[in-house]
Amino acid sequence: MSALQEKLDALYQRHLDLTRNLDWGYHQLLPWERGKNFVDHPWSAEQGNLSPELTLAVETAMLTEVNLPWFTSGLTRIFENSPSALKRFVHTWTREEDQHGRVLDVYLLLSRNGDPDARDQVRKQVIERGWQPELRDPFAVMVYTSLQELATRVFYLNFARQVAAADGVLAQILRALAKDETLHYAFYRDAVKAYVEDDPGRMATVCQVIPTFVMPGYGMPGFSHRLRIIAQHGGYGIQAYYDQVLSIVLEAWGVLQHDMSSGTQDARHALDCYIRRIRRVANRQAVKVSPV
Ligand SMILES: [Fe+2]
Ligand SMILES: [Fe+2]
């Protein structure tokens, strides 16, 4: 067995050990006592306890998470010829992600936030549309999934803070999801590190993938509008992405300190431009929301 495979096996084992203590069931977190059937108690807008903006943010998270069957089939294909630890991780990851869409969907129904019929239509539309991975190279995909898992973690934690006053149960659900996302990020982050240690030239791929990053829900109806609302009301916009996601992965992988002689110059140049652009937009956003 190669040193890389040994490292990946150890990372998968670490993930199993950590999740054993973190395992949760969505039945434990949901506010069942708020539930009523929709036949005798038809839905109307004033029944919910969240603002339309916060509701839209929960719906957006749910609509991203429910596409899991497509994420699983895409990742299974991509990792088909990869070391077995990656294939086994996709199975464990699916088990954990499976609860995410469901807990958010059932929460919205029980709490009566958002029109259930309209949401039902969008959810079916999103799942039917599916998801196609833009990247084919397993290593590039792991760079992408590292960013995506960390971005999702940060969004859930920031969003939990925004909703805590309106609905403590929802904040608790979001924190449970964030814990899972933290461990998903840690696995992919360290797998990427192991691959770069194995071949430092792979840092060129890291530099190429980062500027193309977009959240996996980009195909859903009204995605840009949803992102704007989440930035304004959900605690996650371009500044949070810059400070809490992009800067963190650059640091974790030592991207900016990496020896550019290993064939990464062109990709690094494009990455540097991207970082400058994101920093500029993030600073502008910070000025806009600054109280002084
Ligand atoms: Fe998730
Ligand atoms: Fe995740």
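In my numbering, each number is its position in the sequence shown, counted from 1, plus 217. Where a beta carbon is used, it is the ideal one built from N, C-alpha and C, also for glycine.
Helix or strand or just coil, what does DSSP make of residue i?
i: T369; result: helix
i: D476; result: coil
i: V509; result: Caution is warranted here: a pLDDT of 40 is assigned to V509, below 50, making its placement in the model unreliable, and the coordinate value is therefore given only provisionally. Coil, per DSSP.
i: A274; result: helix
i: Y491; result: helix
i: M279; result: helix
i: P355; result: helix
i: G318; result: helix
i: L267; result: coil
i: S363; result: helix
i: E297; result: coil
i: W348; result: coil
i: Q486; result: Looking at the sequence itself, residue 486 is His, so the reference to Gln does not match. H486: helix per DSSP, three-state reduction.
i: V343; result: helix
i: T481; result: coil
i: P259; result: coil
Using 10 angstroms around the beta-carbon of residue i, count the other beta-carbons present and answer buried if the total reaches 16, otherwise exposed.
i: D257; result: exposed
i: M437; result: buried
i: M279; result: buried
i: Q456; result: buried
i: A335; result: exposed
i: A227; result: exposed
i: M218; result: exposed
i: Y458; result: buried
i: A382; result: exposed
i: D337; result: exposed
i: F296; result: buried
i: V423; result: buried
Tell me which residues share the same chain as residue i and place their Cβ nearer than 8 Å to its Cβ, disregarding the 5 neighbours each side in the sequence.
i: T293; result: K304, V307
i: I515; result: Examination of residue 515 is not possible in this model, given that the chain is present from 218 through 509 alone.
i: K410; result: A469, W470
i: Q474; result: none
i: G265; result: T272, S328, R329, N330, G331
i: W260; result: R329, D332, P333, D334
i: E351; result: T429
i: H232; result: F306, T309, L400, A403, F404
I'd like the list of long-range same chain contacts for residue i, defined as Cβ closer than 6 Å, with 5 residues on each side in sequence excluded.
i: E314; result: L285
i: G252; result: L327
i: V413; result: R419, M420
i: Y391; result: The sequence given here places Leu at residue 391; Tyr does not occur at that position. Taken in chain order, the residues that qualify are Y373, F376, A377.
i: V386; result: P248
i: E398; result: E366, T369, R370
i: V426; result: A357, V360, Y361
i: S507; result: Note on S507: pLDDT 49, under 50, position unreliable in the model; the coordinate value appears next. Taken in chain order, the list of residues that qualify is empty.
Since residue i contacts residue j with CB under 8 Å, what's their CB separation in whole angstroms?
i: E270; j: L321; result: Going by Cβ atoms, the distance from E270 to L321 rounds to 16 Å, so no, they are not a contact pair.
i: A395; j: L374; result: 5 Å
i: Y213; j: S363; result: Residue 213 falls outside the range modelled here, since the chain spans only 218 to 509, and no answer is possible.
i: A393; j: L267; result: Rounded, the Cβ-Cβ distance is 18 Å, inconsistent with contact.
i: S441; j: P355; result: The Cβ separation is near 30 Å, so there is no contact.
i: H450; j: Q379; result: 7 Å
i: T236; j: L400; result: 6 Å
i: W287; j: W348; result: 4 Å
Say whether chain C places a C-beta atom closer than 7 Å to the C-beta of residue i.
i: R493; result: This model lacks chain C altogether, as it is built from one protein chain only.
Looking only at its own chain, which residues have a Cβ that is under 7 Å from the Cβ of residue i, when we skip the five neighbours before and after it?
i: Q502; result: G454, I455, Q456
i: G480; result: G418, A421
i: Q461; result: V371
i: I344; result: V283, N284
For the region 432–463, list the alpha helix (DSSP H) runs that are entirely contained and at least 4 residues long, ordered along the chain.
440–450
Kindly provide the ranges of any alpha helix (DSSP H) runs that are 4 or more residues long and lie completely inside the region 381–415, ordered along the chain.
385–415
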